[in-house]
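2 protein chains.
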Amino acid sequence: MSKQDPLAAIVGCCEPLAREPLSAEQAMELSRVFKAMGDPVRLRLLSLIASHAGGEACVCDLTDVFDLSGPTISHHLKVLREAGLITGERRGTWVYYRVRPDLLAQVSAVLVPAAPESPAGMPPDREALPVVEA
Amino acid sequence: MSKQDPLAAIVGCCEPLAREPLSAEQAMELSRVFKAMGDPVRLRLLSLIASHAGGEACVCDLTDVFDLSGPTISHHLKVLREAGLITGERRGTWVYYRVRPDLLAQVSAVLVPAAPESPAGMPPDREALPVVEA
DNA sequence: CATCTACCTTGACATCCGTCAAAACAGCGC
DNA sequence: GCGCTGTTTTGACGGATGTCAAGGTAGATG
Chain A
50 MSKQDPLAAI
60 VGCCEPLARE
70 PLSAEQAMEL
80 SRVFKAMGDP
90 VRLRLLSLIA
100 SHAGGEACVC
110 DLTDVFDLSG
120 PTISHHLKVL
130 REAGLITGER
140 RGTWVYYRVR
150 PDLLAQVSAV
160 LVPAAPESPA
170 GMPPDREALP
180 VVEA
Chain B
50 MSKQDPLAAI
60 VGCCEPLARE
70 PLSAEQAMEL
80 SRVFKAMGDP
90 VRLRLLSLIA
100 SHAGGEACVC
110 DLTDVFDLSG
120 PTISHHLKVL
130 REAGLITGER
140 RGTWVYYRVR
150 PDLLAQVSAV
160 LVPAAPESPA
170 GMPPDREALP
180 VVEA
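So the sequence lines, in the order shown, correspond to chains A and B. Heads up: the first sequence begins at 50 in the working numbering, then just goes up one per residue. Heads up: the second sequence begins at 50 in the working numbering, then just goes up one per residue.
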């Protein structure tokens, strides 16, 4: 459970949620990644980096997209970095960030709904259960 | 953008992150789901419900798993419910929760790394870029 | 109707978090 | 070495959040 590289904790970590409950430790590590993505600015930053031409984005490409100060963007990038979602590389005065697709793939796989191993014969009306009125 | 049913906002919402940046609105909706999963207790609750026999769990199955008070569990379930991740149904004095697999599938799909449309010819050494030393 | 169990809501509190101004650090060119 | 640009860190502040005690609601039973 390395704090410096959450990927090490998450690789091979978890069956799909629908198959097996997470342990307290697994939930602790995985929730850190979700919490990092739980802010709209950070989520947009992640998507900007992931989809940027060349698979990486310079901080200078990111800061003007938001009406926020430089330190705020820097702070958000740090949160993403520490969650293991991105890696950064300095090239001269510029810093370029890339996403870690392996981590995203892992997290994505944990969320996948019940695999085709779902029990056959489930009553189809189960899907129509009413939502609780709050 | 219904506040009562985030699924309505997320269905068909988003290309994979790696393909296209999220808009501010998309990020706002999606980050709400991630924020809901960004707490270890809530993530464990979600996994317990998702993997429970019969695809649903009664609150009474959940409360003893944690060393937390009833109101805290209730609050967490509410957060998950309002994020659209679970639905609840009262049966007599008991309340049963189920996950919404369609929402999970959507969110999972957004996180999937670059699809097979990735540009061929990417230099393989790109994966070995060093992590910035903090 | 009274009593019970299960669950949810309210309000208070301590802790956490997003934001920015100021300061500091990293790298470059002269 | 100095001045510049780009980026990160630090510290303060206001707002958000996890937790629980107290209180309330929903449903079942006698």
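We treat Cβ as the ideally placed atom computed from N, Cα and C, and that holds for glycine.
Under the DSSP assignment, B:Val161 falls outside any alpha helix (DSSP H); it carries neither an H nor an E label. DSSP places B:Thr121 in the helix class (H, G or I) of the three-state scheme. Taking the beta carbon of B:Ala132 as reference, no residue of chain A falls within 8 Å; the closest one sits roughly 10 Å away. When Cβ-Cβ separations below 8 Å define contact, B:Asp88 makes contact with chain A. In this structure, the straight-line span from the alpha carbon of A:Ile122 to that of B:Ala73 is close to 15 Å.
When secondary structure is reduced to three states using DSSP, B:Arg140 falls in the strand class.
About 7 Å separates the Cβ atoms of B:Val159 and B:Leu79, confirming a contact at the 8 Å cut-off. A:Glu64 has its alpha-carbon roughly 26 Å from the corresponding atom of B:Cys62.
When the five nearest sequence neighbours on each side are left out, the beta carbons in the same chain lying within less than 8 Å of the beta carbon of B:Ile135 are those of Leu95, Ile98, Leu126, Leu129, Tyr146, Arg147, Val148, Arg149, in order along the chain. Listed along the chain, the chain A residues whose CB falls inside 7 Å of the CB of B:Arg68 are Ser100.
Annotation note: the segment 74-112 of chain A contains the following uninterrupted alpha helix (DSSP H) runs of length 4 or greater, listed N- to C-terminal: 89-100, 108-111. The three-state secondary structure of B:Arg130, taken from DSSP, is helix. Identification of chain B residues near A:Leu79 by a Cβ-Cβ cut-off of 7 Å yields Leu92, ordered along the chain.
Identification of chain B residues near A:Pro162 by a Cβ-Cβ cut-off of 7 Å yields Pro150, Leu153, Ala154, ordered along the chain.
Annotated as proximal: A:Arg93 and B:Pro70, with beta-carbon spacing under 8 Å. By the Cβ neighbour-count rule, B:Ser100 is buried, with 16 or more other Cβ atoms within 10 Å of its own.
Here A:Gly104 has Arg147 as same chain residues with Cβ atoms under 7 Å from its own Cβ, once five neighbours each way along the sequence are excluded. Note on B:Asp88: 16 or more other CB atoms within 10 angstroms of its CB, so buried under the neighbour-count rule.
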